[in-house]
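Down below is the structure, laid out as structure tokens.
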Amino acid sequence: MRNPQLGVDGALKHLLTLEGLPAAVITQILDTAVPFASIGEREVKKVPLLRGKAVFNLFFENSTRTRTTFEIAAKRLSADVINLNIGASSTSKGETVLDTVDNLTAMDANIFVVRHCESGAPHLIASHLHAVGRHDVHVINAGDGRHQHPTQGLLDLYTIRHYKRDFRNLSVAIVGDILHSRVARSLIHGLATLGTPDVRVVAPQTLLPARIESLGVRVFHDMREGIRDCDVVVMLRLQNERMRGALLPSAGEYFKYYGLTPEKLALAKPDAIVMHPGPMNRGVEIDSAVADGERSVILPQVTFGIAVRMAVMSIIAGSPGARA
Amino acid sequence: MIPMLPDAEATLAELADRMRGAVSPEAAFVGIYSGGAWIAERLATMLGPAHRVGFLDVSFYRDDYERTGLKPNARRSALDFDVAGATIVLIDDVLFTGRSVRAAINELFDYGRPAAIELAVLVDRGGRELPIEATYVGVRLAVARNLDIVLSRDDKGMLALAAESRPSTR
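Listed in order, the protein sequences are those of chains C and Z. Terminal number for the first sequence in the numbering used here: 324, no gaps in between. Terminal number for the second sequence in the numbering used here: 1170, no gaps in between.
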């Protein structure tokens, strides 16, 4: 079966998942993001590529940061941006997701940036657009359920490449709530595709999905073992609502075993970088001394995220299907 | 018919001769990737190190994005001087339709308002589609529209010109 993200010519048409996305396409996105990053350093932080195009931020689930960085990225490409907080409007009146999409397509949308609490929602929208022959309209997954968050995965890959240059000799440890994390899933697929030899997940058994080893990662329950001698430590946000269930005893105990402190970080390589997709829970998964320390690249991640999203939007909006 | 092409190194020397004494001593040389960048570096060596050198990749300003999409291998533009108030000589290898130069001028203005922009090209092959002319020209050639004139650079940094058939997709 053809990868639904790619056109018949192999060009990127939608960005739905990093799973199965060829290394050449990932590398093309990362390479294209490099010149876009330099636009952020200029007096006029705008290029005219997407003039006259409309980007609809379709957020069925709230996220200030992701929506904002997509909005900035689209505006730096000179697109018009329309933000829709769907959770608060149409669906509560009973409209289906696909009816919402059809209505917005009739308003001349060119790109839908979709966040949804259900895994697969962006894929459903892309399939629908294909079925109704709208090959000029593109979908970017901005996070779907526990499934994927591909632009976050790409900006993580961009950050790692920026500081470490090459994936082929790296050890990367991903620490925390792997079970609920679409960020972790996207990053694991991307790291594997780019040939990272050593990817580790570090978490208590209750926060690991079943058969996670099948993704080619090594599993650690002891954080000191898990981050020993690694080049990159990716900390995941521990969502507070997990505490209410039976998954974890308390935030204090979690921090004791899985919080990143200067003492634990000392076990990683001396030049290891620390990443976090945000928003951070200081004192739950990460100590302030680490979050604000010299090895933290958490804020550069946010800045790189704009360039990566500019690259994705400009590549898909210029794909051959858009010109049919 | 493939035209007889002049030697690129000799043409570069002629272009430098025409610019010597005519170009402002403070002018910055800004080459358009990739051929124009090579020429800008060479001209700065030939005409004196006082000329600052910068590079532009015009991929994000091209007018054919709607037709051909984003070109792969876009590079980072690098202008390490203040464009506002600067005298700039834009440098390209081949001047044809004028569309790359239009894109480069637009990009320059997003860095600041230059005092003046001039244009130096190794080859002017005619065929303009925009009202753009070069200030300094290495050589003028008449070339059929179905041919591309391509500049290459070898390991030793020597430049060479070649004619290639245009891909029909354009």
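Glycine included, each C-beta is placed from N, C-alpha and C at the ideal position.
DSSP places H149/C outside both helix and strand once states are collapsed to three, so it counts as coil. Rounded to whole angstroms, the gap between the alpha carbons of V308/C and S1165/Z is 35 Å. The Cβ atoms of A1040/Z and I1105/Z lie no closer than 8 Å to each other. Partner residues in a beta bridge of A142/C, as assigned by DSSP, do not exist. Between the alpha carbons of D1124/Z and S1024/Z lies a gap of roughly 22 Å. For the options A1084/Z, P1131/Z and N1146/Z, the alpha carbon positioned closest to that of Y1111/Z is the one of A1084/Z.
Sequence-distant partners of A1078/Z (beyond 5 residues in either direction) whose C-beta falls short of 8 Å from its own C-beta, in its chain, are G1054 and F1055. Proximity of chain C to Y1065/Z at the Cβ level (cut-off 7 Å) is accounted for by L49 and G318, in chain order.
Per DSSP, the continuous beta strand (DSSP E) segment holding E1118/Z begins and ends at A1116 to D1124. The Cβ atoms of V219/C and L191/C do not sit closer than 8 Å to each other. Taken through DSSP and simplified to helix, strand or coil, G10/C comes out as coil. Remark: fewer than three beta-carbon pairs, one from each stretch, lie closer than 8 Å, so the stretch 116-129 of chain C and the stretch 158-166 of chain C are not flagged as touching. In the three-state scheme derived from DSSP, where H, G and I count as helix and E and B as strand, Y1033/Z is classed as coil. In this chain, the alpha helix (DSSP H) harbouring F304/C covers I298 to A317.
In the DSSP secondary-structure assignment, E1164/Z is bridged to D1148/Z. When 7 Å is used as the limit between beta carbons, P1072/Z is near these residues of chain C: Q28, in chain order. The stretch 9-16 of chain C makes no contact with the stretch 267-277 of chain C, as fewer than three CB pairs between them are under 8 Å. Taking a C-beta distance under 8 Å as the contact criterion, L77/C and L58/C do not qualify as a contact pair. When the five nearest sequence neighbours on each side are left out, the beta carbons in the same chain lying within less than 7 Å of the beta carbon of Y254/C are those of L238, L248 and V284, in order along the chain.
Within the stretch 18-47 of chain C, those residues whose Cβ lies closer than 9 Å to any Cβ of chain Z are, in chain order, Q28, D31, T32, V34, P35, F36, A37, S38, I39, R42, E43, V44, K45, K46 and V47.
Taking a Cβ-Cβ cut-off of 7 Å, the neighbours of I315/C in chain Z comprise L1070, given in sequence order.
The alpha carbon of A184/C has as its nearest neighbour, out of N141/C, R200/C, M313/C and I298/C, the alpha carbon of R200/C. Between the alpha carbons of A1050/Z and A1027/Z lies a distance of about 8 Å. Using a Cβ distance threshold of 8 Å, T303/C and G143/C do not count as a contacting pair.
Distance check between D177/C and each of P197/C, N240/C and H128/C places N240/C closest, using alpha-carbon atoms only. Interface criterion met: the Cβ of G1112/Z is under 8 Å from a Cβ in chain C. The way I'd put it, the stretch 255-273 of chain C doesn't touch the stretch 133-141 of chain C; fewer than three beta-carbon pairs between them come closer than 8 Å.
Taking 8 Å as the cut-off, the beta carbon of I86/C is found no closer than this to the beta carbon of F56/C. Interface criterion met: the Cβ of R1076/Z is under 8 Å from a Cβ in chain C.
Taking Y1136/Z as the centre and dropping the five residues before and after it, the same chain places the C-beta of L1015, R1018, M1019, A1022, V1023, V1089, E1118, L1119, A1120 and V1121 closer than 8 Å to its C-beta, in chain order. In the three-state reduction of the DSSP assignment, S171/C falls in the strand class, which pools E and B. The three-state secondary structure of F60/C, taken from DSSP, is coil. Taking CB atoms only, F1060/Z has a neighbour in chain C less than 8 Å away.
In this structure, DSSP gives N83/C an extended state, which the three-state scheme calls strand.
Residue contact check for D1080/Z against chain C: no CB pair falls below 8 Å. Looking at the DSSP output, M223/C sits in no beta bridge, so it has no partner there.
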